[in-house]
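Presented below is the structure to which this report refers.
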Amino acid sequence: MKKLHGFENEYLFVLPSTILNNFNFSEVIKLLYITDLGFYPKARYHFAHRNHGAKEWILIFCTHGKGTVKSATEEWQIENGSIVLLPPNEEHTYYANDDDPWDIFWVHFTGNSIDEYIPQEALQKNGFLIIDKTSTEDMQMLMSQFWQMIQALSAGFSYQSVFYSSQVLGATLAYVSLQSFLPHDAYTMGNEYITKAVKYIYDHFEEKVSLSTLTEVLDVSKSYLSRIFRQTVGTSVNRFILDIKMKQACYYLKDTNLAVHQIATRLGYDDPYYFSRIFKKVMGSSPRIFRNQEKNIL
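All the letters of the sequence shown, read from the start, carry residue numbers 937 to 1234 under the working numbering.
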């Protein structure tokens, strides 16, 4: 008795292309938008198989019960707290456990800037990403975000509803991307320091942040934080900070009219010429050339 939908108390929204085309004037919506969204509680007999995948990316968040997700070559067991990312145009199968069927939120999405939202871990592999565990606090946050998207679209497919839901989805995907950087076992002391360090970096990227700053905030030694950070994240603390700042610099250059010296100040650089040298070293071109090239692409 396999079925794709039709569960008691389910929520299901499909945004027709004719509706979405009405919002082509919005440069923001075109960056990232939802095509399908839903919530299936106690989804017994839930089953989906797509030989060639879906046209869009799919995000699944399991809040209760169990299920299975398969690619053409791998299989994963999904349970309470699991987050699943499925790439477009790739064969996949997923289904609820017979004895303990899952509750899942799910969303199909796409957009012109989709690669900015997808975790690098997924882009560098085959697109499939499974995050096995989510803390209780984070589960509450994610459930709230999905309900916000559902409530927005429940009011109709107006510009405001579609715009709002797409922005909430962006926050959800940013969380998934961040978690893909963090340890898979969040219950060791070392990993707790990593989580706090990364959060501090993101919260203070407009300030001067360094390894020394973090060790003072976390009250740990430089050698210890350096070692566990490199083991977990795969790069040094200072390089991670630099990459975050340069990514933000790219955003400012592409999507704002801020002058280079203003961007430097916003990223904690007192000397705009030093900022420009660092940017060129990392990105391969000066900030001004980078901005001009991006404008030509658009």
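From the three backbone atoms N, C-alpha and C, an ideal C-beta is built for every residue, glycine too.
query = Which residue spans inside the stretch 1063-1106 form an unbroken alpha helix (DSSP H) run of at least 4?
reply = 1072-1090
Same chain only: Cβ atoms within 7 Å of residue 1097, ignoring 5 sequence neighbours per side = 1088, 1089, 1091
task = From the DSSP output, in three-state form, read off residue 1014 for me.
result = strand
query = Where do the ends of the alpha helix (DSSP H) carrying residue 956 lie?
reply = 953-956
ask   = Count the other CB atoms within 10 Å of the CB of residue 941; is the residue buried (16 or more) or exposed (fewer)?
value = exposed
request  = For residue 1138, count neighbouring C-beta atoms within 10 Å of its own C-beta (all shown protein chains included) and say buried if the count is 16 or more, exposed if not.
outcome  = exposed
ask   = In or out: residue 1123 buried (at least 16 other Cβ within 10 Å) or exposed?
value = Because the pLDDT of residue 1123 is 38, which lies under 50, any placement of that residue in the model is unreliable, and the number read from its coordinates should be weighed accordingly. When all chains shown are included, residue 1123 counts as exposed.
message = Alpha carbons only, please: which of 1218, 1029, 1007, 1109 is nearest the one belonging to residue 1183?
response = 1218
ask   = Would you say the stretch 1103-1114 touches the stretch 1002-1009, given that touching needs at least three Cβ pairs under 8 Å?
value = no
ask   = In this structure, does DSSP put residue 1005 in helix, strand or coil?
value = strand
ask   = How long is the line joining the alpha carbons of residue 1018 and residue 1202, rounded to whole angstroms?
value = 36 Å
key: Where residue 1188 falls: helix, strand or coil (DSSP)   = helix
message = Helix, strand or coil, according to DSSP, for residue 1218 in the structure here?
response = helix
inquiry  = Can you check which of these residues, 1042, 1035, 1034, 1032, is closest to residue 1021 by C-alpha distance?
reply    = 1042
message = Quick check on the burial criterion: 16 or more other C-beta atoms within 10 angstroms. Buried or exposed for residue 1209?
response = exposed
request  = Just tell me which of 1034, 1215, 1095, 1194 has its CA closest to the CA of residue 954.
outcome  = 1095
query = Are the stretch 1178-1195 and the stretch 1152-1160 in contact at 8 Å, needing three or more beta carbon pairs?
reply = no
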